[in-house]
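These protein sequences, in sequence, are chains A and B.
Numbered per UniProt numbering, the first sequence finishes at 180, counting up by one with no gaps.
Numbered per UniProt numbering, the second sequence finishes at 180, counting up by one with no gaps.
A quick write-up on the structure given underneath.
2 protein chains.
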Amino acid sequence: MHNSSLINPQCPIARSLERVGEWWSMLILREAFLGASRFDQFQKNLGIAPNMLTRRLQTLVADGLLEKRPYSTRPLRHEYVLTAAGQDFRPVLWTIMAWGNQHFAPEGPAIQLVDSATGAPAEPMLVDRHTGRPLTYPAFRVVAGPAADARTKSRYPTWPATTPTPNPTESADAPTGAAA
Amino acid sequence: MHNSSLINPQCPIARSLERVGEWWSMLILREAFLGASRFDQFQKNLGIAPNMLTRRLQTLVADGLLEKRPYSTRPLRHEYVLTAAGQDFRPVLWTIMAWGNQHFAPEGPAIQLVDSATGAPAEPMLVDRHTGRPLTYPAFRVVAGPAADARTKSRYPTWPATTPTPNPTESADAPTGAAA
């Protein structure tokens, strides 16, 4: 089920997605981040069948991740450009890339994230935007949120699981020094 | 192509994956992070067809993300447990979750990441592990790495793109104060 011949076998994103499911839509987004915007660019770079590409592009447009807009009127031609929501997918791709480099690139990274000014390799790590603390488990965990329905509440823990013990050294307010 | 009826429609991860491709393998990993380890747990929680689940579990085991090990000998029964590489997929799921909450949860988050000690919601952000700097574009970018082959080099920029201008205030060595 892995059409490895159709994609760049060096790409750690592709390697990750070979392991976690289908990948065309994510790879189309990756191509958009690399500068592709026209049908034939996506088609050439990915080696994807035209009917499959058409369907995936339509879905990405319908889902608000790509915007279809004309770049030529005679003849009418369209390009596909990342929306704001599509742009926000970049951290997902970078995180997948880092995971792929970590586990599926024994020969070293074929692509990597670097500081644009210095070329120094960067290593993605998740932190909490509010406090800067590294997001590790079990210090942080996923719980049911305010919009959880009964099914979600039955599957995810809620916080607090028990009545919290009052702790005078911690208040519900964030420390004034915390970055917002 | 979206089998929305088979998955929790509130889950922002599922909502993201509805938009970026197939999702069974990632959802199996999500279930493993939630504590599932036995075939019937995955099957019940995901509503996935048994033959599809068997195939996906075999692939995840073959790819080194899950380990299959016996938990009972009479009768022989196996469970599926996250390997170290599988555990390292957690930041990917958390990043996908954050993206889903940001864009596909207009009613608010059904699940969210919180500080286990305080319950304060956390917002994932990517930073460079070495410097702590937020990983944003275009301050950081993806370039061909040391293991890049000709095809990868033809598709990704290299750094530096041009001969660098010597800058006495910056050296190739990291500042001694930088965290390793």
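Even glycine gets a Cβ: it sits at the ideal position worked out from N, Cα and C.
Keep in mind that this is a model prediction, so the values were computed, not measured.
As for any alpha helix (DSSP H) of minimum length 4 sitting wholly inside the segment 83 to 109 of chain B, the runs are 84 to 87, 90 to 103, ordered along the chain.
At the C-beta level, Leu-29/B and Leu-93/B come within 8 Å of one another. Less than 8 Å separates the beta-carbon of Tyr-156/A from that of Ile-111/B.
Here Glu-79/B carries a strand assignment [DSSP, helix/strand/coil].
Apart from the 5 residues on each side of it in sequence, Leu-57/B sits with its Cβ closer than 8 Å to the Cβ of Ile-28, Phe-39, Phe-42, Leu-66, Lys-68, Tyr-80 in its chain, given in chain order.
Looking at the DSSP output, Asp-128/A shares a beta bridge with Pro-124/B. Residue pairing by DSSP places Ile-28/B opposite no residue, since no beta bridge is assigned to it.
Listed as beta-bridge partners of Phe-140/B by DSSP are Asp-115/A. The C-beta distance from Gly-145/A to Gly-108/B rounds to 7 Å, short enough to fall under 8 Å. Of all residues in the segment 49 to 69 of chain B, the ones placed with a Cβ closer than 8 Å to any Cβ belonging to chain A are Thr-59, Leu-60, Asp-63, Gly-64, Leu-65, in chain order. Within the segment 110 to 127 of chain B, those residues whose Cβ lies closer than 7 Å to any Cβ of chain A are, in chain order, Ala-110, Ile-111, Gln-112, Leu-113, Val-114, Asp-115, Ser-116, Thr-118, Gly-119, Ala-122, Glu-123, Pro-124, Met-125, Leu-126, Val-127. Between Leu-126/B and Thr-95/A, the beta carbon gap of about 7 Å places them in contact (Cβ cut-off 8 Å). Listed in chain order, the non-local C-beta contacts of Pro-121/B below 6 Å within the same chain comprise Gln-112, Val-114, local neighbours out to five positions each way being set aside.
The beta carbons of Leu-60/B and Ser-25/B sit about 6 Å from each other, so the pair counts as a contact at 8 Å.
It is roughly 14 Å from the alpha-carbon of Ser-154/A to the alpha-carbon of Leu-46/B. At a cut-off of 8 Å between C-beta atoms, Phe-89/B counts as an interface residue with respect to chain A.
One thing to note: Ala-85/B has its Cβ no nearer than 8 Å to the Cβ of His-78/A.
Linking Leu-135/A to Val-142/B through their CA atoms gives a straight-line distance of about 23 Å.
Residue Thr-158/B holds the alpha-carbon nearest to the alpha-carbon of Phe-140/B among Ala-98/B, Leu-76/B, Thr-152/B, Thr-158/B. Chain order gives the chain B residues near Arg-141/A as Leu-113, Val-114, Ser-116, where near means a beta carbon separation below 8 Å. Going by beta carbons, Arg-129/B and Glu-123/A fall inside the 8 Å limit. The CB of Tyr-137/A comes closer than 7 Å to the CB of Arg-90 in chain B, given here in chain order. Listed along chain A are Gly-108, Pro-109, Ala-110, Ile-111, Gln-112, each with a C-beta nearer than 7 Å to that of Gly-145/B.
Between the alpha carbons of Thr-131/A and Asn-51/B lies a distance of about 45 Å. With a cutoff of 8 Å on beta-carbon distance, Ala-105/B and Ala-147/A are scored as near each other.
Arg-155/B: member of the alpha helix (DSSP H) spanning 150 to 155, first to last residue.
Minimum Cα-Cα distance from Ala-32/B among the listed residues Arg-151/B, Arg-90/B, Thr-73/B corresponds to Arg-90/B. The residue among Ala-49/B, Gln-87/B, Ile-48/B, Ser-72/B with its C-alpha nearest the C-alpha of Gly-35/B is Gln-87/B.
Within chain A, the residues placing a beta-carbon under 9 Å from that of Leu-34/B are Val-142, Arg-155, Tyr-156, ordered along the chain. Under DSSP, Ser-72/A shares a beta bridge with Arg-77/A.
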